[in-house]
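Here the structure comes first, spelled out in structure tokens, and everything after it is commentary.
Protein chains: 2
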Amino acid sequence: MAGVRQFDEQATFERALDVFWTKGFRATSMPDLAAGTGVQRGSLYHAYGGKEQLFLKVFEQFTADFLAGAAEALADDNPKRALTAFFDFVIASITTGTPSRGCLSTRTAVEADGVVEDAVRKLLDDLEELLLARLEQADLAVEPREAARLVVAMTRGLAVLERVYDDPARLRETAATLVTSLLR
Amino acid sequence: MAGVRQFDEQATFERALDVFWTKGFRATSMPDLAAGTGVQRGSLYHAYGGKEQLFLKVFEQFTADFLAGAAEALADDNPKRALTAFFDFVIASITTGTPSRGCLSTRTAVEADGVVEDAVRKLLDDLEELLLARLEQADLAVEPREAARLVVAMTRGLAVLERVYDDPARLRETAATLVTSLLR
DNA sequence: GCTATGTTTGACAACACTGTCAAACATGCG
DNA sequence: CGCATGTTTGACAGTGTTGTCAAACATAGC
Chain A
188 MAGVRQFDEQ ATFERALDVF WTKGFRATSM PDLAAGTGVQ RGSLYHAYGG
238 KEQLFLKVFE QFTADFLAGA AEALADDNPK RALTAFFDFV IASITTGTPS
288 RGCLSTRTAV EADGVVEDAV RKLLDDLEEL LLARLEQADL AVEPREAARL
338 VVAMTRGLAV LERVYDDPAR LRETAATLVT SLLR
Chain R
188 MAGVRQFDEQ ATFERALDVF WTKGFRATSM PDLAAGTGVQ RGSLYHAYGG
238 KEQLFLKVFE QFTADFLAGA AEALADDNPK RALTAFFDFV IASITTGTPS
288 RGCLSTRTAV EADGVVEDAV RKLLDDLEEL LLARLEQADL AVEPREAARL
338 VVAMTRGLAV LERVYDDPAR LRETAATLVT SLLR
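As they're listed, the protein sequences go chains A and R. Okay, so the first sequence: first residue is 188 according to this note's numbering, each after it adds one. Okay, so the second sequence: first residue is 188 according to this note's numbering, each after it adds one.
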């Protein structure tokens, strides 16, 4: 194998993720990605085909990390602590950075379509299953499946409100209100 | 007053709203608005200054209509019926059209910043007050203010899920789950 | 009807992004 | 070493957007 890739693909994915996360999928251009990764635009086209394909690669890794973090937070035996830790994890994820970078999947859900939208749907489906598995073991006033979907919906709502109010404490309060309502 | 505006401003606002709602604030260009309204691009620049200023004018009317519809839905004496009607109104608003046009304020919240973001924040603040006034009269397991914020957050979550799943019935189910949880 | 006033129109230059490509390049392998 | 292979680079044409402007235009008021 001669003619070998000159740049570090893993580092490039991480930097590209940062660009997408900061600017949003739609507002990110190939020149932005070239500047953010330090890889020439032509090389990115050559290696991945374009913005959408590169995003899918990057988003796949993001998805795995996000779900792993969510699963870890939900592992607590106590349902209330588990859900609180879950929301703390989600809120920390979207309020990191200055200014806070927001929620990549929510922004993408709103901005994108086609295969990119499919990737977001898959993430939300997986998240719902993760929550379902945990909520089936809790004593709820509503069906576990419906509760799981409600929690997923709330994570999206929090992501939008983060954009509007830029107030992590408020997001935690609203999340706590849902947890209280769900667990009585 | 000679030199009078040749186009119907009200009709132009309505058509521009349709363009913004369909394409989203960011993806809408001045040529899009010119095509959608039938008013020359130069005239729009002359009359309003640019995309952002035109959006603010259009969004002001949208806001008034939206809040009026929400208030009407919340007017029911029975808290559960009132909240259900409220969510039905919101879901109907975002699932209208083929393909459904989504939630203008949520898309804008995620896509925009500056004065446009301020306008979205004002809408959400007003919506929160509207809900607070109604929820203060209901028997809830949580503080009315927190409940109002939770409901606002849920409307945003539903708007995002509408983009991802395109399934109005599912949105109504998730909304019903929240209503059940809140009112016990 | 004339005039002053504000509007409409089409065109302009400037800028940014896309996708592609040929030539220059780097490197693993024989 | 030298070659074959895949990569990198800078440049290109095509497309679309922005904001502006002078000239043409329409109309209210005199």
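We put the beta carbon where it would ideally sit given N, CA and C, even for glycine. These numbers were taken from a predicted model, which means no experiment stands behind them.
request  = Report yes or no: do three or more beta-carbon pairs, one from the segment 251-268 of chain R and one from the segment 223-238 of chain R, lie closer than 8 Å?
outcome  = no
message = Beta carbons nearer than 8 Å to chain A: which residues of the segment 336-357 of chain R have them?
response = Arg336, Leu337, Val339, Ala340, Met341, Thr342, Arg343, Gly344, Leu345, Ala346, Val347, Leu348, Arg350, Val351, Tyr352, Arg357
ask   = When burial is assigned at 16 or more other CB atoms within 10 Å of the CB, is Ala362 of chain R buried or exposed?
value = Here residue 362 of chain R is taken as the residue at index 175 of the second sequence, counted from 1. So Ala362 of chain R ends up on the buried side.
Buried versus exposed, by CB contacts within 10 Å (16 or more), Ser368 of chain R = By 1-based counting over the second sequence, the position of residue 368 of chain R is 181. By the neighbour-count rule (16 or more Cβ atoms within 10 Å), Ser368 of chain R is buried.
query = Since Glu360 of chain R meets chain A, which of its residues come closer than 9 Å, beta carbon to beta carbon?
reply = On the second sequence, position 173 is the one that residue 360 of chain R refers to. Near Glu360 of chain R (Cβ distances below 9 Å), the residues of chain A are Glu333, Arg336.
ask   = Any C-beta of chain R sitting closer than 8 Å to the C-beta of Ser368 of chain A?
value = Sequence index remark: in the first sequence, residue 368 of chain A carries index 181 (1-based). Yes - at least one Cβ of chain R is within 8 Å of the one on Ser368 of chain A.
key: Start-to-end residues for the alpha helix (DSSP H) that takes in Pro218 of chain R   = The sequence position of residue 218 of chain R within the second sequence is 31, counting from 1. Element bounds for Pro218 of chain R: 217-224.
request  = Report all residues from its chain with a CB closer than 6 Å to the CB of Cys290 of chain A; omit the five preceding and five following residues, and keep chain order.
outcome  = The residue given as residue 290 of chain A occupies position 103 in the first sequence. Cβ within range, chain order: Ile281, Ala346.
ask   = In three-state terms, what does DSSP make of Phe212 of chain A?
value = Position 25 of the first sequence, counted from the start, is the residue given in the question as residue 212 of chain A. Reduced to three states, the DSSP call for Phe212 of chain A is coil.
inquiry  = Looking only at its chain, what residues have a beta carbon closer than 7 Å to the beta carbon of Arg321 of chain A, apart from the 5 residues adjacent to it on each side?
reply    = For the purposes of this step, residue 321 of chain A is taken as residue 134 along the first sequence, with counting starting at 1. Cβ neighbours of Arg321 of chain A beyond the five flanking positions: Leu261, Ala269.
task = Could you tell me which chain A residues have their CB closer than 8 Å to the CB of Thr293 of chain R, listed as they occur along the chain?
result = Position 106 of the second sequence, counted from the start, is the residue given in the question as residue 293 of chain R. Per Cβ cutoff of 8 Å: Val297, Val347.
ask   = Can you give the Cα-Cα distance for Pro332 of chain R and Thr342 of chain R, rounded to whole angstroms?
value = Residue 332 of chain R sits at position 145 when you count from the first residue of the second sequence. Residue 342 of chain R sits at position 155 when you count from the first residue of the second sequence. The amino acid occupying residue 332 of chain R in the given sequence is Arg; Pro does not appear at that position. About 16 Å.
9 Å Cβ cut-off: residues of chain R touching Glu304 of chain A = For the purposes of this step, residue 304 of chain A is taken as residue 117 along the first sequence, with counting starting at 1. Ordered by position in chain R, the residues that pass the 9 Å Cβ test against Glu304 of chain A are Arg350, Val351.
CB of Leu314 of chain R within 8 Å of CB of Ala255 of chain R, strictly = Taking the first residue of the second sequence as 1, we reach residue 314 of chain R at position 127. Taking the first residue of the second sequence as 1, we reach residue 255 of chain R at position 68. No, the pair does not count as a contact, with Cβ atoms beyond the cut-off.
query = Where does the unbroken alpha helix (DSSP H) through Gln324 of chain R begin, and where does it stop?
reply = Working through the second sequence from its first residue, we reach residue 324 of chain R at position 137. Unbroken run through Gln324 of chain R: none, as it is neither H nor E.
query = Under 8 Å between the Cβ atoms of Val302 of chain A and Leu243 of chain A?
reply = Here residue 302 of chain A is taken as the residue at index 115 of the first sequence, counted from 1. Here residue 243 of chain A is taken as the residue at index 56 of the first sequence, counted from 1. Their beta carbons are under 8 Å apart, which means Val302 of chain A touches Leu243 of chain A by this criterion.
query = Taking Cβ positions, are Gln248 of chain R and Phe207 of chain R nearer each other than 8 Å?
reply = The residue given as residue 248 of chain R occupies position 61 in the second sequence. The residue given as residue 207 of chain R occupies position 20 in the second sequence. For Gln248 of chain R and Phe207 of chain R, no; Cβs fall outside 8 Å.
task = Answer with buried or exposed for Ala222 of chain A, where buried requires no fewer than 16 other C-beta atoms within 10 angstroms of its C-beta.
result = Translated into positions along the first sequence, residue 222 of chain A becomes position 35. Result: exposed.
task = Could you tell me the distance, in whole angstroms, from the CA atom of Asp354 of chain A to the CA atom of Leu241 of chain R?
result = Reading the first sequence from its first residue, position 167 is the one you call residue 354 of chain A. Reading the second sequence from its first residue, position 54 is the one you call residue 241 of chain R. Straight-line Cα distance between these residues: approximately 29 Å.
query = Which residues, in order along the segment 304-327 of chain A, keep a beta-carbon less than 9 Å from a beta-carbon of chain R?
reply = Glu304, Val307, Arg308, Leu311, Leu327
inquiry  = Using beta carbons (cut-off 8 Å, strictly below), is Ala203 of chain R in contact with chain A?
reply    = Counting from 1 along the second sequence, the entry for residue 203 of chain R is found at position 16. So, not an interface residue.
query = Excluding five sequence neighbours on each side, which residues of the same chain lie with their C-beta closer than 8 Å to the C-beta of Arg213 of chain A?
reply = Translated into positions along the first sequence, residue 213 of chain A becomes position 26. Taken in chain order, the residues that qualify are Glu298, Ala299.
Three-state secondary structure (DSSP) of Phe194 of chain A = Sequence index remark: in the first sequence, residue 194 of chain A carries index 7 (1-based). Residue state, collapsed to three classes: coil.
inquiry  = Checking 8 Å against the spacing of the C-beta atoms, do Leu370 of chain A and Ala340 of chain A come in under that value?
reply    = The residue you call residue 370 of chain A lines up with position 183 of the first sequence. The residue you call residue 340 of chain A lines up with position 153 of the first sequence. No.
Nearest to Lys238 of chain R (by Cα), restricted to the options R:Thr250, R:Asp252, R:Ala251, R:Leu220 = Looking up residue 238 of chain R in the second sequence gives position 51. The residue with the shortest Cα to Cα distance from Lys238 of chain R is R:Leu220.
key: Selection from A:Val366, A:Ala272, A:Phe194 that minimises the alpha carbon distance to Val329 of chain A   = On the first sequence, residue 329 of chain A is found 142 positions in, with the first residue counted as 1. Val329 of chain A has its Cα closest to that of A:Val366, out of A:Val366, A:Ala272, A:Phe194.
ask   = Any idea what DSSP makes of Val329 of chain A, helix, strand or coil?
value = As a position in the first sequence, residue 329 of chain A is number 142, starting the count at 1. Val329 of chain A falls in the coil class under three-state DSSP.
query = Counting only beta-carbon atoms, is Thr285 of chain R nearer than 8 Å to chain A?
reply = For this step, residue 285 of chain R is matched to residue 98 along the second sequence. By this cut-off, Thr285 of chain R is not an interface position.
query = Residues of chain A with a CB under 9 Å from the CB of Ala214 of chain R: which are they?
reply = Within the second sequence, the letter at position 27 stands for residue 214 of chain R. Simply Arg213, Glu298.
ask   = Where in the segment 231-269 of chain A do unbroken runs of the beta strand (DSSP E), each at least 3 residues long, occur, reported from the N-terminal end onward?
value = none
Residues that Leu365 of chain R contacts on chain A, provided the C-beta gap is smaller than 7 Å = Residue numbering aside, residue 365 of chain R sits at position 178 when the second sequence is read from its first letter. Under the 7 Å cutoff, chain A gives Leu337.
request  = Would you decide whether Thr293 of chain A is buried or exposed? Buried here means 16 or more other CB atoms lie within 10 Å of its CB.
outcome  = For the purposes of this step, residue 293 of chain A is identified with residue 106 of the first sequence, where counting begins at 1. Buried, by the Cβ-count rule.
Own chain partners of Leu358 of chain A with C-beta closer than 7 Å, once the 5 adjacent residues on each side are dropped = If you number the first sequence from 1, residue 358 of chain A lands on position 171. Closer than 7 Å at the Cβ level, and outside the excluded window around Leu358 of chain A, lie Ile278, Leu345, Leu348, Glu349.
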